[in-house]
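Sequence order for the protein chains is A and B.
Going by this note's numbering, the residue at position 3 of the first sequence is 3; the numbering climbs one at a time, nothing skipped.
Add 1000 to the 1-based position in the second sequence for this note's numbering, that's all there is to it.
The C-beta atom is built at its ideal place from N, Cα and C for all residues, glycine as well.
Below is one structure, written out as structure tokens; comments come after it.
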Amino acid sequence: MTNALPTGADAATEVPLKRRLRRAERTRQAKALALVLPLLLFLLFTFAGPIAGMLWRSVEDWEVRQVLPQTVAALASWDGKDLPDEKAYAALASDILAARAAGTIAIAAKRLNYALNGFRTILTSTGRNLKAVPEPGTARETLGKINPAWRERATWTTIKDASGPITGFYLLAALDLTRNADGAIVAAAPDQAIYRDIFVRTFLISLGVTALCLILGFPVAYLLATLPPGRSNLLMIFVLLPFWTSLLVRTCAWIVLLQSKGVVNDSLHWLGIIDAPLRLIYNRFGVCVAMTHVLLPFMILPLYSSMKAISPAYMRAAASLGAPPLTAFLRIYLPQTLPGIGAGSLLVFILALGYYITPALVGGAADQMISYFIALYTTETANWGLASALGAVLLLATVLLALVYGKLVQGQQVTGGMKN
Amino acid sequence: MEAGMVTPAPALVRFSGIQKTYDGEHLVVKNLDLDIRKGEFITLLGPSGSGKTTTLMMLAGFEVPTHGEIYLSERPIKNVPPHRRDIGMVFQNYALFPHLTIAENIAFPLSVRKSSKAETQERVSAALRMIKMEALAHRRPGQLSGGQQQRVALARALVFNPQLVLMDEPLGALDKRLREQMQLEIKQLHETMGITIVYVTHDQSEALTMSDRIAVFNDGIVQQIDRPDALYEHPVNSFVAHFIGENNVLAGTVESVERNYCRVTLAGGGTVAARAVNVSGAGASTSLSVRPERVAIIPNGSSGEAPNRLPAKVQNTIYLGDHALAVLDVAGNAEFMVKLQPGAHHSLGPGESVFITFRPEDCLALDPV
Chain A
1 MTNALPTGAD
11 AATEVPLKRR
21 LRRAERTRQA
31 KALALVLPLL
41 LFLLFTFAGP
51 IAGMLWRSVE
61 DWEVRQVLPQ
71 TVAALASWDG
81 KDLPDEKAYA
91 ALASDILAAR
101 AAGTIAIAAK
111 RLNYALNGFR
121 TILTSTGRNL
131 KAVPEPGTAR
141 ETLGKINPAW
151 RERATWTTIK
161 DASGPITGFY
171 LLAALDLTRN
181 ADGAIVAAAP
191 DQAIYRDIFV
201 RTFLISLGVT
211 ALCLILGFPV
221 AYLLATLPPG
231 RSNLLMIFVL
241 LPFWTSLLVR
251 TCAWIVLLQS
261 KGVVNDSLHW
271 LGIIDAPLRL
281 IYNRFGVCVA
291 MTHVLLPFMI
301 LPLYSSMKAI
311 SPAYMRAAAS
321 LGAPPLTAFL
331 RIYLPQTLPG
341 IGAGSLLVFI
351 LALGYYITPA
361 LVGGAADQMI
371 SYFIALYTTE
381 TANWGLASAL
391 GAVLLLATVL
401 LALVYGKLVQ
411 GQQVTGGMKN
Chain B
1001 MEAGMVTPAP
1011 ALVRFSGIQK
1021 TYDGEHLVVK
1031 NLDLDIRKGE
1041 FITLLGPSGS
1051 GKTTTLMMLA
1061 GFEVPTHGEI
1071 YLSERPIKNV
1081 PPHRRDIGMV
1091 FQNYALFPHL
1101 TIAENIAFPL
1111 SVRKSSKAET
1121 QERVSAALRM
1131 IKMEALAHRR
1141 PGQLSGGQQQ
1151 RVALARALVF
1161 NPQLVLMDEP
1171 LGALDKRLRE
1181 QMQLEIKQLH
1191 ETMGITIVYV
1201 THDQSEALTM
1211 SDRIAVFNDG
1221 IVQQIDRPDA
1231 LYEHPVNSFV
1241 AHFIGENNVL
1251 AGTVESVERN
1261 YCRVTLAGGG
1271 TVAARAVNVS
1281 GAGASTSLSV
1291 RPERVAIIPN
1301 GSSGEAPNRL
1311 PAKVQNTIYL
1321 GDHALAVLDV
1331 AGNAEFMVKL
1341 QPGAHHSLGP
1351 GESVFITFRP
1361 EDCLALDPV
């Protein structure tokens, strides 16, 4: 206090003051950083790192480069218009011999087989039949004799396309696209073009579940926000009850309820409403019911918090100004719940996009969502490139949605949303 | 006001035998009969829990009377929902719709009545002009100060020309200076527009400033309905005397009643003459009410006849700018206030013995508290 006045007036002593302030701030910031550091490191290792790894794997192409390095080098200057020259054949022969010795042929064969069906056979048969390094100048002939596929341009373009170090192959495949022999992007063969449908299915199921959650959750949230505290707390416990049970248990409970000899079918049959059991599970209906049940609290809680903030005086004011109940609800109440509707819908939608266990257990073959295929490629076929590419596409779509939502919410805040 | 008394305007609102209970055990409003005339500014005044807000909410239609009927323009409205009552209302915290602009807020009652676009626009801009806030038409309520929000709430309640405007402690959230300014503005609007206003407050000075008539509520009962000056000068019971304005209370027993006056023996010693307002007869206990400004201090030693002359001891004096107060100990009441001319307090020292005097007509014998 005593030296505050002279410091403020004197320009010479002002600089040390500023420096002191910075130093004081730095200590404070360092302390704050130290507090969040454990979480930051945790997130880095468990979240940011794996995501970056996934994104990298979706474009990485290392197998052919590692197993057939001389071939990749020799093909670097190939224009792809005609068959490559003798040098490339010699490089391939030498690579194959080396790879057979190292036992790594299968790695390259698997990667090349993704791009061209049957490549595995070409490569392994060549590896089996190539006894020694061909005489200089005879490599093309020797290889062509072992497998006529080496006389085809497509075989070589496949190797060149897969020579890395990065590739759009997996990302294109995730969108049902591929490159033809000329390098142009074209639609994939119909028997391989399944992912777009699966993405559409994933989005449709998620949208449906979000809509169901909103329709079912809105009245519950309204009740929660308007009931007297005692009863509203009791209701809140019921809303939160599903959180206390494992996802797996809840999903299995739906199987017990909905299967053809399940509780629902038996009850309906006993009441004489149906003769034959209804098909309630292992189809889209079962998936939507089970997912809605699991995700409902994520809709109700944001709705509840936005409704709790709406003073009952607004509805009274609307009525006193001449608005019938429905008008007052639509024009005064509903607009004020929009942030809650947006937050709840986004939360439910994004969670639903990644659902795996529930559709796998209560869905049919035509109800599997994208994460089922990601899991399939990760754990069973070990096609990490395609799994990562599918994950990357899903991530991109989710981020886009979140950005759109953020934009909408921001717009809301600029133009209103302030409470008095 | 004399002219108003000659031809009383017809009752716009009539509460007839209204009772209201929330829990089925206690009556919040006990047997309310109240007429509100057209063009009148009537204030429901009382402490919290006295039933005044419940009465207002029943009139607005947000609460249903347990018993009795409310008439608006001779029409029973007990079963008319709030949105068909054509009553404008200003709420305690303004209740401006936060997601709408000021202009949209004011246009709301017009748009739900399906007014034409041109008419709505015209009336909204007239209302904005009235509250001098044309420049802020496209702001949101959250961007306005409390006083500005209050004006918008007022404009919104008036823009559809309701036959009645209700105000539920509308100035409670404002600071003192702004509150006094808004009191004058509301009063002015009332006079220029000729609207009927029912105003609820617990602030007696606000009620005295603004109202044509004040209904004093306590314990679910209207204690007295009268003009502000009549309430002050002629309270009918101790509650009203104590609630409206400053008041000194002296407890005593009625000795004799003679026409409109009675003699009262004070509990703390001494006998005074008082106007018999609310006493049952000789022998009854009573509370005497004397306003601080109706009491004079006789300096010690001066002689001469004075009515109701009582000994007093000065406790202390309080300087208040435009006047001063002396706190005396009179007949057992240690907080007996006497209003002094500014400067007069210098001559009174704590502990000094003096005499006070007041006229019998300024001393009211009321029900015992």
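Across the stretch 307-329 of chain A, CB contacts with chain B closer than 8 Å involve Ser311, Ala313, Tyr314, Arg316, Ala317, Ala318, Ala319, Ser320, Leu321, Gly322, Ala323, Pro324, Pro325, Thr327 and Ala328, in sequence order along the chain. Inside the stretch 94-120 of chain A, DSSP marks whole alpha helix (DSSP H) runs of 4 or more residues at positions 105-115, from first to last along the chain.
Cβ neighbours of Pro1081(B) within its own chain (closer than 8 Å, five residues either side excluded): Gly1061.
For Gly137(A), the closest C-alpha among the options Gly183(A), Ala90(A) and Thr245(A) is that of Ala90(A). In terms of Cβ geometry, Phe1160(B) and Leu1110(B) form a close pair [threshold 8 Å]. The DSSP assignment places 312-320, 325-328, 334-353, 357-362 and 370-375 as complete runs of the alpha helix (DSSP H) inside the stretch 309-384 of chain A, in order along the chain (cut-off: 4 residues). Within the stretch 332-365 of chain A, contact with chain B at the beta-carbon level (separation under 7 Å) is assigned to Ile332, Pro335 and Gln336. The stretch 106-113 of chain A makes no contact with the stretch 172-186 of chain A; the number of CB pairs closer than 8 Å stays below 3.
Between Asn383(A) and Tyr195(A), the gap from beta carbon to beta carbon reaches 8 Å or more. Per DSSP, Arg1263(B) is one residue of the beta strand (DSSP E) stretching across Tyr1261 to Leu1266. For Pro1368(B), the closest C-alpha among the options Thr1265(B), Thr1253(B) and Val1330(B) is that of Thr1253(B). In the assembly as shown, Phe238(A) is an exposed residue. Its beta-carbon has fewer than 16 other beta-carbons within 10 Å. The straight-line gap separating the alpha-carbon atoms of Tyr333(A) and Ser1050(B) is approximately 32 Å. Contact check between the stretch 1277-1295 of chain B and the stretch 1230-1248 of chain B: three or more CB pairs, one atom from each, fall below 8 Å, which counts as touching.
The Cβ of Asn1079(B) sits no closer than 8 Å to any Cβ of chain A. Per DSSP, the unbroken beta strand (DSSP E) holding Asp1226(B) starts and ends at Ile1221 to Asp1226.
Excluding its 5 nearest sequence neighbours in each direction, Leu403(A) has no C-beta neighbour in its own chain below 8 Å.
Pro335(A) is the residue among Pro335(A), Ala319(A), Leu326(A) and Val294(A) whose C-alpha sits nearest the C-alpha of Leu303(A). Cβ neighbours of Leu394(A) within its own chain (closer than 7 Å, five residues either side excluded): Leu353 and Ile370. For Asn1248(B), there is no enclosing alpha helix (DSSP H); the residue is part of the beta strand (DSSP E) that begins and ends at Asn1248 to Glu1258.
Shown here, Met1089(B) sits in a strand according to DSSP, grouped into three states.
In this structure, the CA atom of Asn233(A) is about 8 Å from the CA atom of Leu224(A).
Close CB contacts of Gly364(A) within its chain, under the 6 Å cut and outside five residues either way in sequence, are with Tyr282 and Asn283 (chain order). The Cβ of Val1112(B) sits closer than 8 Å to at least one Cβ of chain A. Taking every protein chain shown into account, the CB of Tyr170(A) has 16 or more other CB atoms within 10 angstroms, so this residue is buried. For Phe1336(B), the enclosing beta strand (DSSP E) has its first and last residue at Asn1333 to Leu1340. Following the DSSP letters along the chain, one finds Pro229(A) inside the alpha helix (DSSP H) bounded by residues Pro229 to Leu240.
Annotation for Leu1288(B): the continuous beta strand (DSSP E) segment containing it runs Ser1285 to Val1290. Trp270(A) and Asp367(A) have their C-alpha atoms some 30 Å from each other. Residue contact with chain A for Ala1365(B): absent (no Cβ-Cβ distance below 8 Å to any residue of chain A).
At least 8 Å separates the CB of Arg1139(B) from every CB of chain A. Proximity of Ile1197(B) to chain A, defined by a Cβ-Cβ separation below 8 Å, is not satisfied.
Taking a 10 Å sphere around the C-beta of Val36(A), we find fewer than 16 other C-beta atoms and assign the residue as exposed.
Residue-level contact check: Gly1088(B) touches chain A, since one or more beta carbons of chain A fall below 8 Å from its beta carbon.
Your pair Leu1325(B) and Pro1350(B) does not check out as a contact, with CB atoms roughly 13 Å apart and the cut at 8 Å.
Closest in alpha carbon position to Asn147(A), among Gly127(A), Pro165(A) and Ala132(A), is Gly127(A).
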